[in-house]
Structure formats: C-alpha cells, structure tokens
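Below is one structure, written out as structure tokens, with a few remarks after it.
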Amino acid sequence: MPAYALRGAAGIVAALILAAGVWASWDSARYVMVSGGGRERGTLSLARCGDDTCTGPYAPASGDKPRDRVVIDKSVATPKGERIPVVVKPDSDEAVRSGGPGFLHAWLPLGGALLLAAVVVAGGLRLNRMAGVLALAGGVQLSAAFAALSL
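So this is what it looks like as structure tokens:
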C-alpha cells in the first residue's frame, strides 16, 4: 500500500478519535456552557452516595421550584453534606456540575481523545511536534480537571 494512503488513513483515524471526544464531551458540556433552553441552575446538597451516583436536595438559583432528590455522577461529587453548583438537565432529575470544575469535567472525554490521537499522529503521520502538542493539551486538560475536582 502506498505511503500516502497509510498517512491518509492515519489522519482519518486521528480525526475520528477527536470527533468522538468532542461528541462524548458535548453531551454534558452543553448544559454547563450554554445557558437558557429550560436549564435550571442552582445548588445540590449531597445527602447520599451510592456506587455510581450521589443524590440530595436541590435549591434553585432563580424562581424554579426546589426538588427533594436530584442525581449527579459520583465522580464530580464532593464529601457528603457539601453544596455544589449544578445545572439540572431539562425534563429529568439528573444534574451536571457547573462552574469551572464542571466545565473541566465535562470535557474529560476530549482530553482522553487528545492523548489517544497524539499516539496516532506520532506513529501514523510521523508528525512528532503536532503529537506533542496534542498530548500536552490532553494532559493539561485531564490534570486541570483532576485538580479542580479535588479542591
């Protein structure tokens, strides 16, 4: 197979990896980044945590009605009793953490995709500097999300 075909295939694979990272991230990031559209913003007081999720009462920031139980992914939760800013997904009781930590957590799939695409770019396209930039961007994003959620 000609070298240009292999490089083209590697470029397509790298682009697909990055597109999948954006697609997976956008599912949560759209609620954190875009205001309006029936999105409720407020605070969640963590009452109980299970294996995968945490629940607690929700207090809205505006005129929306409070809720007795809202569910959030355990990976973004803090210790029991803490209050965290959240956005409730429309027509559900599922919340997404908002603010800086929520923004960084929402884009975690893209950070992983950047790291994976860096391997493909370095190995398949032989663009080592570009691969280094992708890996650095992914590493910084993942590290920043970890640090923001740990504080």
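Here the sequence shown is numbered in my numbering, starting from 1 and rising by one per residue.
Ideal Cβ placement from N, Cα and C applies to all residues, glycine included.
Nothing here was measured: the structure is a model prediction, and the numbers come from that model.
For the segment 52-79, list the beta strand (DSSP E) runs that are entirely contained and at least 3 residues long, ordered along the chain.
List check, beta strand (DSSP E) in window: 53-60 and 67-73.
Do the segment 102-113 and the segment 35-52 touch if we need at least three Cβ pairs shorter than 8 Å?
The segment 102-113, when compared against the segment 35-52, does not touch it at the 8 Å Cβ threshold.
Check whether the segment 50-62 touches the segment 17-35, counting contact only when three or more Cβ pairs, one atom from each stretch, lie closer than 8 Å.
Segments in contact, no.
DSSP beta-bridge partners for residue 44?
The bridge partners DSSP lists for residue 44 are 58 and 84.
Using alpha carbons as the reference points, say which of 79, 114, 66 and 68 lies closest to residue 151.
Among 79, 114, 66 and 68, the Cα nearest to that of residue 151 belongs to 79.
Around the Cβ of residue 134, are there at least 16 other Cβ atoms within 10 angstroms (buried) or fewer (exposed)?
Looking at its Cβ environment, which holds 16 or more other Cβ atoms inside 10 Å, residue 134 is buried.
Distance between residue 25 and residue 120 (C-alpha atoms, nearest Å):
Taking the straight line from one Cα to the other gives about 20 Å.
Residue 16, buried or exposed, once every other Cβ within 10 Å from all chains shown has been counted against 16:
Looking at its Cβ environment, which holds fewer than 16 other Cβ atoms inside 10 Å, residue 16 is exposed.
Give a yes or no on whether the C-beta atoms belonging to residue 86 and residue 58 are separated by under 9 Å.
Going by C-beta atoms, residue 86 is nearer than 9 Å to residue 58.
With DSSP as the reference, label residue 129 as helix, strand or coil.
Three-state DSSP puts residue 129 in a helix.
Note down the Cα distance separating residue 62 from residue 113, rounded to an integer number of angstroms.
Answer to the nearest angstrom: the Cα atoms are 36 Å apart.
Could you give the DSSP three-state label for residue 96: helix, strand or coil?
In the three-state reduction of the DSSP assignment, residue 96 falls in the strand class, which pools E and B.
Out of 117, 64 and 20, point me to the one whose CA is closest to residue 38's CA.
Per the Cα distances, 64.
Under 8 Å by Cβ, that's how I've got residue 10 and residue 124 pegged, so tell me the actual separation to the nearest angstrom.
Indeed they touch by this definition, with Cβ atoms about 3 Å apart.
Leaving out five residues on either side along the sequence, give the residues of the same chain with a beta carbon under 6 Å from the beta carbon of residue 108.
Hits under 6 Å: 145.
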